[in-house]
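Protein chains in written order, with my numbering: chain D, 1 to 309; chain F, 1001 to 1255; chain H, 2001 to 2357.
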Amino acid sequence: MDTFIQQIINGLTLGAVYAMVALGYTMVYGIIQLINFAHGEVVMIGAMVAFSVIGALLGLDSGLPPALIVLLGAAAAIPVCMAVAYAMERVAYRPLRGAPRLAPLITAIGVSIILQQLGMMIWSRNPLAFPQILENRIFHLGGATVSTVQLAIWLVAVSMMGALTLMIHRTRLGIAMRATSQNPQVAGLMGIDVNRVIAATFIIGAALAAIAGVMVGTYYGIAHYTMGSLLGLKAFCAAVLGGIGNLPGAMLGGLILGVVEALGAGYIGDFTGNWFGSNYQDVFAFIVLILVLVFRPSGLLGERVGDRT
Amino acid sequence: MQPLLRASDINKRFGGLQALSNVSFSIAAGQIYGLIGPNGAGKTTLFNVITGMTPADAGTVMLDGRELGQLKPHAIAQAGIARTFQNIRLFANLTALENVMVGRHARTRAGLLQAIMRTSGQRAEEAEIEARAFELLRYVGIEARVNELARNLPYGDQRRLEIARALATEPKLLALDEPAAGMNPTETGELRTLLERIRSDGVTLFLIEHDMRLMMRLCDRVLVLDFGRAIAEGPPREVQQDPAVVAAYLGTPTP
Amino acid sequence: MMKLDLSARLPWIGIVLVALALAVLPFALAGIGTTWVRITNLALLFALLALGLNIVVGFAGLLDLGYIAFYAVGAYVYALLASPQFGLHLPFWAIIPLGALVACIFGVLLGAPTLKLRGDYLAIVTLGFGEIIRIFLNNLSQPVNITNGPQGISRIDSFRLGDFDFGKSEMLFGLNFSGPIKYYYLLLLVLIVIIVVNMRLQHSRIGRAWEAIREDEVAARAMGIDTTRMKLLAFAMGASFGGIAGGIFSSMQGFISPESFVLVESIMVLAMVVLGGMGNIWGVILGALLLSFVPELLRHTIEPLQRSLFGRSIVEPEVVRMLLFGLALVLMMLYRPAGLLPSAVRRRELARKSVEP
C-alpha cells in the first residue's frame, strides 16, 4: 500500500511535468495541426539555460537564497526558450503554411535535430549535474514520502495551468487563439492577425516548456542534451491521451500518463513474475498511445474525431 | 419502375445546426436531376451523405435497389456513384491522363504481385486503363492536355478533367457539385452539351448548380432545399412558380 | 533498313559504361583500402532502405519515423537464427524471407489501428514503435537471454551457398574476391531488383492509388480507392523491405547491437528520401549515396584538417553529420521540396514549360 501511494506521488510529479510540456504540443496542434517535434528540445534548452545561470550565480558566491537562484535560472530560461520557439516558427514553419501536411512535419524533425546538436555543442556531450540547491525536506505520509521539490513542482504547475486557463478565456489574445483554432480563415476575416496568434501560441508553449525544463532538472538533478526528445514524445502521448487540441485534456493526460508510468514501473515486475522490470518504464507511454488511438482516437476529453485529412 | 436512387428521411445535424431534416427524393434512371437552394441550404451536405463522405444521422439511401447504408465512400464509388467537388479536388501533381487512370482503380483488378511480376494480364490491363483514360479525355474535349499536370490546367479544363475522372469509375449516377461555377457563358454552353451527351450515353446525372438558366434548360426535375428541408420538388417550370421557392430565394419568411 | 544511328544507341552505350564502372568499382576501391569497399556496401544498403521507405513516404505520403525498427527486426531475426546465440545456423534463403515476413507483420499490427487516423499520428506511433523495439532489444537478456542486451549478438553467419561463402576471400578468375567485394555484388544485385520493383509499382494501378492518396485522400476515396487498405499495403511493403535490408546487414557485419537501430538512423533514412526528392527513385538513390559518403569524406577531411590547424578536434565529424541531416530536412522542405533531382512529375512539367514559353 505504501509503495502504491509512493508511486502515485512520484507519478503525479512526473505527470505535472508531462502536462506542462503537453500543453505546448496541444496548443500548437489545436491551431495549426502540426506536431511540433522540436518542442521537446525547447524543454532541454530551458533546462540547460537555467543550469548555466544557476551555476554562474553559485560561482559568484552571491549569497542569494537558493530558491531565488532557481527562480532567476527559470527567469533566464523562459525568454531564451520563447526566442527559440519564435525563431523556429518564423523560419521553419511559417513559410510552409498551406504546404502539404508532410512538409512542416519533416522540417519539425530537422529543427529538432539541429537544436539538439546545438545544445550538445554549447553544453557538452556529457550529462550535467543540475545543481540541487533547494533544501529538500522530506515529509512522511504514512510509509510514503513527499519532498519539498515535489511540492514546489505541483504548486508551480497548478498555478501555471491556472494562469494559462485564465489567459485563454479572459484575454483578447486568448479569445483570438480560440477563434483561430476553430477556423483560421474566418478568424482572419474577423481582423485577427493569424500569424501573430500562431507565433504567440508557440511562445506561450515555450515558456511552459522552459519551466518544465527547470522542473525536470531540479527533480532528477541531471541534464543532458538528449533529455528533450523522449520527454517530448511522452508529453505528446499525454496530449493525445487527453484529446489533442484540448487544454484541460493535456493537463489530465499528463497526470494520468505520469501515474501510469510510475505504477507500471513499480508493479510490472510483480505482475510478470519478474520477466520484465522497471527498465521497461519508457514503453508504457507508447502502449497508452497506441491503445488510445485504437479505442478512443479523440482522447479522453477531445471532441474532434481524428478521421479528417 | 424502381428509381435508380432513392433517399428517404435523411437527417443530419452538426452541433446546433440541423443541416438536413427528413429529406426524401428519388431519381429515375436516365434523368438529369437538379438540386438547388440558397447558400447554406444543405446541398453539399446532401451530396456528402449520398456519397458516404458524411454519415447521416438517420435515413436510408438506396442505389438500384441496394441499400448503401453505412458504406464507406470508396465502396459507394464502387457501387456506382461518382462525384466531383465544389472546389475541384484533382490530384494536382499527376498528369491529366494519370488523374483519369486513377479513376479506373475501382474497375480494374491487378494487385501488388501482378504489378511486380508485370504479368501479361497486368500489362494488358494497364494498356486498357491508359486507352480508356485517353478516350475519356477526348470525350470531355481535353485530349490536348493529356500530359500536363492537373494543377497547370486552366480552370474550365480542370472542371472537365474532374468529370472525366469521375466517368472513369463507370458510374450509374454522376453527382456534380457546381460544375458551371466560374465559367463564362460559352463554357457553360459547352458544359451543357457535354452533360446532355453524358446522359444520352446512359449515365444518370445529379447536379448542384446556381446557374438557374442552365438548370431550367437541363434538368428533368429539381429538388429545392432551404434550411435543410425539401420545400419543393418537380419539373423546373412548376418549381419555379412555387410560392415557397420564390419566398426562399427572395428572402420572405416561409409560411 | 537497319541504320547505325549513334544517337539511338547512345542510351545503351551509357548503360554499358555505367555497368562496367559499377563492376570494376570494388577493385578500384579495394586499391585505396578495404574500408572504402565496406563504406560503399553500407551506402548501397542504405540505398535499399531508402527505396523501401520511399514507397511509404514518397509514393503513399505516409511519414514513418520508426523505419529503422523494421530493419532491426529483420537484422535480429537473422542474427538469432544464424549465430551461436541459440546455436542455430539456418540458411540465409530461409531466414531472409522470414525476417521480411516478421517485419511485415509488425508493420500491419502497427499500421492497422493508426492508418485510419490522420497522417501525423502515424509519425508519432512509428517513432514510439522504434523506441519500444530498441528498449526490448536492450532488455530482453533477462531473465532468459534472447537478444543478449546492449552487448549485441556477434559471430553471425555470412551468406553461404554451398561452398561459396560471402564472408571469405577467394581467388576467382585470377582476382582476389574479398568478403566485402562479394557482398558488394550481392547488394548491387538486390538494389537492382528493388529499383525494378519500385519502378514497376510506380507505374501500376497500386502505385497510382498511392500517389492519389498522397495528393488528396478525400478525392482518392471518391474514386473508389480503399485508402486504409492501400496505405496499409504501402506501409507493410516498406516494412518488408526494411526487414530484408536488416537481414543482409546482419550477415554482412557479423555483429549487431541495439546501438545500430536508434532514432537517428530512422531520421537519416528519411533525410535520404527527402534529399533526393520524395517519390523519385533515382533521386532517392542519389540522396542515400550522398548522405552515406559525405559524412565519411568529412570524417577523413575535417578531422585531420582541424588537428593540423588547431591541434585538436573542435567540431566533431559526428556533429557535422547530424547537422547535415537536420539542415537537409529543413532546407529541402523550404527551398526544394521536389528534391535534388526533379522528380518524373516535375520533369514533365519542366519539359512543358520549355516547349510553351
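Note that beta-carbon positions come from the ideal geometry of N, C-alpha and C, so glycine has one too.
What three-state label does DSSP hand residue i in the structure shown?
i	result
F:Glu1125	helix
D:Thr26	helix
F:Leu1094	coil
F:His1210	coil
H:Leu2127	helix
H:Glu2316	coil
F:Pro1255	Confidence in F:Pro1255 is poor, its pLDDT being 46 and thus under 50, which makes the residue's placement unreliable; the coordinate value appears in the next sentence. Of the three classes helix, strand and coil, the one that applies to F:Pro1255 here is coil, per DSSP.
D:Phe4	helix
D:Thr272	coil
D:Leu263	helix
D:Arg296	coil
D:Ile314	Residue numbering for chain D in the displayed model covers 1 to 309; residue 314 of chain D lies beyond these limits and cannot be assessed.
H:Gly2107	helix
D:Val197	helix
Can you list, in chain order, the residues of its chain whose CB lies under 7 Å from that of residue i, leaving out five sequence neighbours each side?
i	result
H:Leu2275	Gly2287, Leu2290, Leu2291, Ala2328, Met2332, Gly2339, Leu2340
H:Tyr2121	Thr2114
F:Asp1157	Ile1142, Arg1145
F:Glu1170	Arg1107
H:Leu2191	Leu2044, Ala2047, Leu2048
F:Gly1103	Arg1165, Ala1166, Ala1168, Thr1169
F:Leu1136	Val1100, Ala1164, Leu1167, Ala1168
Please classify residue i as buried or exposed, where buried requires at least 16 neighbouring CB atoms within 10 angstroms.
i	result
H:Leu2427	Limits of chain H in this structure are 2001 at one end and 2357 at the other, which puts residue 2427 of chain H out of reach.
F:Gln1070	exposed
D:Tyr25	buried
F:His1105	buried
H:Phe2310	exposed
H:Met2272	buried
F:Val1246	exposed
F:Gln1122	buried
H:Pro2357	Low confidence applies to H:Pro2357: its pLDDT is 33, below 50, so where it sits in the model is not reliable, and the reading given next is rough at best. By the 10 Å Cβ count, H:Pro2357 comes out exposed.
D:Gly258	buried
D:Met190	exposed
D:Arg172	exposed
F:Tyr1155	exposed
D:Asp2	exposed
D:His224	buried
Can you find the residues in the same chain that come closer than 8 Å, C-beta to C-beta, to residue i, ignoring five residues on each side of it along the sequence?
i	result
H:Ile2213	Ala2060, Gly2061, Ala2220, Ile2225, Thr2227, Met2230, Lys2231
H:Leu2090	Leu2081, Ala2082
D:Leu72	Val53, Ile54, Leu57, Leu64
D:Gly245	Thr26, Tyr29, Gly30, Ser181, Gly302, Arg304
D:Val194	Thr180, Pro184, Ala187, Gly188
F:Gln1002	Asp1064, Gly1065
Cutting at 6 Å between CB atoms, please list the residues of its own chain near residue i, excluding the five before and the five after it.
i	result
H:Ile2146	Leu2140
F:Pro1236	Met1216, Cys1219, Val1222
F:Ala1092	Ala1150, Arg1151
D:Pro66	Ile133, Leu134
message: Using a Cβ distance threshold of 8 Å, determine whether the stretch 18-32 of chain D contacts the stretch 234-244 of chain D, with at least three qualifying pairs required.
response: yes
Ranges of the alpha helix (DSSP H) found wholly within the stretch 2015-2070 of chain H, counting only runs of at least 4: 2034-2053
message: For a minimum of 3 consecutive residues, which ranges assigned as the beta strand (DSSP E) are wholly contained in the stretch 2143-2199 of chain H?
response: 2170-2172, 2175-2177
task: Check whether the stretch 1223-1237 of chain F touches the stretch 1033-1043 of chain F, counting contact only when three or more Cβ pairs, one atom from each stretch, lie closer than 8 Å.
output: yes
query: Can we say the stretch 2236-2249 of chain H touches the stretch 1057-1077 of chain F, given the rule of at least three CB pairs closer than 8 Å?
result: no
message: Could you tell me which whole beta strand (DSSP E) segments of length 3 or greater appear in the stretch 1031-1060 of chain F?
response: 1032-1036
query: How about the stretch 2025-2037 of chain H and the stretch 2196-2214 of chain H: do they share at least three Cβ pairs that are nearer than 8 Å?
result: no
message: Would the stretch 29-38 of chain D count as touching the stretch 101-115 of chain D if we require 3 or more Cβ pairs under 8 Å?
response: yes
message: Check whether the stretch 211-219 of chain D and the stretch 183-201 of chain D are in contact - that is, three or more C-beta pairs closer than 8 Å.
response: no
query: Touching or not, the stretch 2155-2174 of chain H and the stretch 2243-2263 of chain H, by the rule of three or more beta carbon pairs under 8 Å?
result: yes
query: Between the stretch 80-87 of chain D and the stretch 237-254 of chain D, are three or more C-beta pairs nearer than 8 Å?
result: no
query: So, do the stretch 122-135 of chain D and the stretch 45-56 of chain D have three or more beta carbon pairs nearer to each other than 8 Å?
result: yes
- prompt: For the 8 Å Cβ check, are there 3 or more pairs between the stretch 2131-2138 of chain H and the stretch 2063-2073 of chain H?
  reply: yes
- prompt: Between the stretch 254-274 of chain D and the stretch 2094-2109 of chain H, do three or more beta carbon pairs fall short of 8 Å?
  reply: no
- prompt: Can you list the beta strand (DSSP E) stretches of 3 or more residues lying completely in the stretch 117-184 of chain D, in chain order?
  reply: 138-141, 144-147
query: Counting Cβ pairs, one atom from each stretch, are 3 or more of them under 8 Å apart for the stretch 88-106 of chain D and the stretch 216-231 of chain D?
result: no
- prompt: Counting Cβ pairs, one atom from each stretch, are 3 or more of them under 8 Å apart for the stretch 1196-1215 of chain F and the stretch 1171-1181 of chain F?
  reply: yes
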